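Shown next, in structure tokens, is the structure this report addresses.
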Amino acid sequence: MSLFGPYPASKVIERLATVSALRLVDGAAGLQAAVESPPRAVPAAYVLVEETGTLTGDYTDRYAQPMTTTVKVVLWTRHAAAGTGAKAAAAMEDIERAVRTALRDWTPGYPFEPLWVSNSGNDQFFGGQLARQVIFRTQYRDQEQP
10 MSLFGPYPAS KVIERLATVS ALRLVDGAAG LQAAVESPPR AVPAAYVLVE
60 ETGTLTGDYT DRYAQPMTTT VKVVLWTRHA AAGTGAKAAA AMEDIERAVR
110 TALRDWTPGY PFEPLWVSNS GNDQFFGGQL ARQVIFRTQY RDQEQP
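Counting in our numbering, the sequence shown runs from 10 upward without gaps.
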């Protein structure tokens, strides 16, 4: 039995790699490295995916489970002259707008529904570095592929 899931984080990374406002796009391992030492290129985006399933259903005698997917995009920027963070915050607005434009209403293909913005914010500022989370959600039915 081969299923459609999990949600393809690699496709989100590929999509964000086309955004000219970003110099670096990576996954969870890249984010861990950035937390330990500032990223080598900014602005940067790090993609993390979580899924939550509900009870499976019997759809035409095949396995199927409704899934809700949360795509977290952690944006990272800095501004060397921004001791207070004001310039980094202004730059972050442009970066977030570009990311939202790239991902809102986008889908990596069947059976995944288009992404929609769920939350934004949770800014963290330290030493000229600014990180912000933009959370997208979507749904799909994980089922046996025909």
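In this text, a Cβ means the ideal position worked out from N, Cα and C, and glycines have one as well.
Note that the coordinates shown come from a computational prediction; the quantities given were computed from them, not determined experimentally.
What separation, rounded to the nearest whole angstrom, lies between the Cα atoms of residue i and residue j?
| i | j | result |
| --- | --- | --- |
| residue 38 | residue 57 | 9 Å |
| residue 55 | residue 72 | 32 Å |
| residue 52 | residue 99 | 13 Å |
| residue 114 | residue 19 | 17 Å |
| residue 142 | residue 23 | 19 Å |
| residue 84 | residue 42 | 14 Å |
Assign residue i to one of three DSSP states: helix, strand, or coil.
| i | result |
| --- | --- |
| residue 124 | coil |
| residue 25 | helix |
| residue 39 | helix |
| residue 151 | strand |
Within 10 angstroms of its Cβ, does residue i collect 16 or more other Cβ (buried), or is it exposed?
| i | result |
| --- | --- |
| residue 31 | buried |
| residue 125 | exposed |
| residue 149 | buried |
| residue 50 | exposed |
message: Across the region 11-18 and the region 147-155, are there enough close Cβ pairs to call them in contact, namely three or more that are closer than 8 Å?
response: yes
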